[in-house]
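Notes follow once the structure below has been shown.
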Amino acid sequence: NCKEVNTLTLSVPVLLVPVQQFLVGWGDEYEYEEEDQETVTEPVPGVTTRLCDYDRCRHGQRPCAELQLLAGPSNPCLCPGMADEDAPPDPPQLLPPTTITDSSAQLHWCEPLSTVRGYRLLLSNDGPAHRPDGPPLAPDARLHTLTGLRSATAYRVCVEAFNAAGQSRRLEGVAPRSSPERRHLDGPGLELGPCRRFTTKPSRYTVAAVGASGLLALLLVAVAAGACCRRAQPSTRGRHVLSCCDVSVTLPPSL
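Those letters in the sequence shown? Residues 879 to 1133, by the numbering used here.
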């Protein structure tokens, strides 16, 4: 019996050896994982992070798919994500008019992140109803000049995008800062929306006529005042009475 106990006692260190090896191996594996976390991964061949030279606010901008074809496989680029044509496009972003005269206004807008087949401009000056201003514009259009406007008149204009699924909504307001429309446009703080209000300038002929009328009236007043001031009547009491256009001015006697 004593020999059996000694045998069991001697076998205990033998059983502990594999346990120690397991712990050491686990520690090596943990240290190896730490090295992986600090290692900088190399770029994958054939994958690019370069964006295409595509500006959603640029007039005459080529479609981004064409830019990718022109770049070729040797110099690939990425396009912004666009919604498919199975849904109506999002509203474009109409910027403040750049040039306003007495009869025209130049508009500038940015393309939404949607598939667009064309644009329509809707104009109103007597209420919420809008009428189309001219034929539809091409999908690469970003600029248009409204002509034939009345001077000194307030207008409301909206730009509407359309595709096979329908047209965008006509909303008026400011897009929140967290919206995709504001994040994808340069110049933070811009008021974004498809509609704008503006007022044309007064007609230059009207301004010239008003100026000429004012100048003529001033000349007439000056001539009348000069003629009246010549009518000085001396008084025997040492006073001088000036009567100009039925207005009498009494001067004190001179010392």
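Think of the CB as a built atom: it goes at the ideal place given N, C-alpha and C, for glycine as much as any other residue.
Cβ neighbour criterion (16 or more within 10 Å) applied to residue i
i, result
"Cys1036", "buried"
"Pro1142", "Since the first residue shown for the chain is 879 and the last is 1133, residue 1142 is missing from the structure and cannot be characterised."
"Val994", "buried"
"Asn953", "exposed"
"Ser1091", "exposed"
"Leu973", "buried"
"Glu911", "Low local confidence applies: a pLDDT of 49 at Glu911 is under 50, so the model's placement there is unreliable, with the coordinate-based value given in what follows. Exposed: under 16 other Cβ atoms inside 10 Å."
"Pro1010", "exposed"
"Glu944", "exposed"
"His937", "exposed"
"Pro951", "exposed"
"Thr838", "One cannot answer for residue 838 here, as it falls past the ends of the chain, which runs 879 to 1133."
"Leu956", "exposed"
"Arg940", "exposed"
"Leu999", "buried"
"Leu929", "exposed"
"Leu1098", "exposed"
"Leu1024", "buried"
As assigned by DSSP and simplified to three states, the class of residue i
i, result
"Leu1096", "helix"
"Ala1016", "coil"
"Cys1106", "helix"
"Arg1074", "strand"
"Cys935", "coil"
"Arg1082", "helix"
"Ser1091", "helix"
"Ala943", "helix"
"Arg1060", "The predicted model places Arg1060 with a pLDDT of 46, which falls under 50 and marks its position as unreliable; any figure quoted below should be read in that light. Three-state DSSP puts Arg1060 in a helix."
"Gly903", "Any reading at Gly903 needs caution, since the residue's pLDDT is 45, under 50, leaving its predicted position unreliable; the model's value is listed next. Note: Gly903 maps to helix in three-state DSSP."
Nearest-angstrom Cβ-Cβ length linking residue i and residue j, presumed shorter than 8 Å
i, j, result
"Glu963", "Tyr997", "That belief does not hold up - the Cβ atoms of Glu963 and Tyr997 are roughly 15 Å apart, past 8 Å."
"Gln971", "Gly1071", "7 Å"
"Leu1027", "Ser981", "5 Å"
"Arg934", "Cys988", "5 Å"
"Arg1082", "Pro975", "Contact doesn't hold; Cβ gap of about 18 Å is too wide."
"Ala1016", "Pro1080", "That belief does not hold up - the Cβ atoms of Ala1016 and Pro1080 are roughly 34 Å apart, past 8 Å."
"Pro967", "Cys942", "That belief does not hold up - the Cβ atoms of Pro967 and Cys942 are roughly 15 Å apart, past 8 Å."
"Ala1032", "Thr1077", "5 Å"
"Ala961", "Ser1002", "That belief does not hold up - the Cβ atoms of Ala961 and Ser1002 are roughly 28 Å apart, past 8 Å."
"Ala949", "Ala1043", "With a Cβ gap of about 30 Å, Ala949 and Ala1043 do not count as contacting."
Bridge-paired residues (DSSP) for residue i
i, result
"Leu929", "Leu956"
Where are the beta strand (DSSP E) runs, 3 residues long or more, that stay fully inside the region 957-1044, in chain order? 983-988, 996-1002, 1021-1024, 1032-1041
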